[in-house]
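Note that the UniProt record's numbering has the sequence shown beginning at 1, numbered continuously upward.
Just so you know, even glycine gets a beta-carbon here, dropped at the ideal spot from N, CA and C.
These notes are about the structure you will find just below.
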Amino acid sequence: MVKKSRVKVLKHEITIFPTTCMMRNLLAVYVNISGNDLCLMTSHLESTKDHSEERLKQLKLVLAKMAEVPESSSDKCLFPPQILFFFFLFLGKPEHCRYTWDTSQNSNLNARYKYKSRFDRLFFRGATAGGQIIPQSLDLIGLDKLDCGRFPSDHWGLFCNFDVIL
Numbered sequence: 001m002v003k004k005s006r007v008k009v010l011k012h013e014i015t016i017f018p019t020t021c022m023m024r025n026l027l028a029v030y031v032n033i034s035g036n037d038l039c040l041m042t043s044h045l046e047s048t049k050d051h052s053e054e055r056l057k058q059l060k061l062v063l064a065k066m067a068e069v070p071e072s073s074s075d076k077c078l079f080p081p082q083i084l085f086f087f088f089l090f091l092g093k094p095e096h097c098r099y100t101w102d103t104s105q106n107s108n109l110n111a112r113y114k115y116k117s118r119f120d121r122l123f124f125r126g127a128t129a130g131g132q133i134i135p136q137s138l139d140l141i142g143l144d145k146l147d148c149g150r151f152p153s154d155h156w157g158l159f160c161n162f163d164v165i166l
């Protein structure tokens, strides 16, 4: 989600994964923040162990799409294809947001097993010139149950803060 009072949405694209069994896709939103063009992407890749081969195909497509994003129209290269950072590692693997899927804490699935994993990931491409995007923090959201007694999802969400230095 973007806050339209601070971010100007220029366009969006949906790329359907060609061999998905679960109707999965990649959403790209092109925005302008303080005169800098950015591309934000999100996707929910194919789920479960049985679909790991398809999930890997989808991830490769996402990474290829990230590399295709053109430079900013303001001549500031905010997305150099040669540099890709994983937020979690960049910020030193903060323990408080290590797991985004945790059946010992999240009861939505009523799982008879206890399992923790980091399924959800945030990537970013840094700038080679001009403005810089610098991750500052990463937190989990959706940790509180709703009034209905369930969590918003069976995964925790990721919330990131970053500085844009012009």
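For this session: Between the Cα of Ser5 and those of Thr15, Val31, Met22 and Val164, spot the shortest distance and give me the residue it belongs to.
Result: Val31
Problem set entry | Distance between beta carbons of Asn161 and Gln136, contact taken as under 8 angstroms | 5 angstroms
For this session: Taking Phe123 as the reference, give the member of Ala64, Thr48 and Ile14 with the closest Cα.
Result: Ala64
Exercise. By a C-beta neighbour count over all protein chains shown, 10 Å radius and 16 as the cutoff for buried, is Phe17 buried or exposed?
Worked result: buried
Problem set entry | Range covered by the beta strand (DSSP E) that runs through Lys8 | Lys8 to Ile16
Exercise. Which term fits His155, buried or exposed, when burial requires 16 or more other beta carbons within 10 angstroms of its beta carbon?
Worked result: buried
Exercise. Along the chain, where does the beta strand (DSSP E) that runs through Phe159 open and close?
Worked result: Gly157 to Ile165
Exercise. Can you name the start and end residues of the beta strand (DSSP E) that Met41 belongs to?
Worked result: Asn36 to Ser43
For this session: Output yes or no for whether 7 angstroms exceeds the beta carbon distance between Val164 and Ile141.
Result: no
Exercise. So, is Arg150 buried or exposed, given that buried needs 16 or more other C-beta atoms within 10 angstroms?
Worked result: exposed
Problem set entry | Continuous beta strand (DSSP E) stretch holding Ala28: start and end | Asn25 to Ile33
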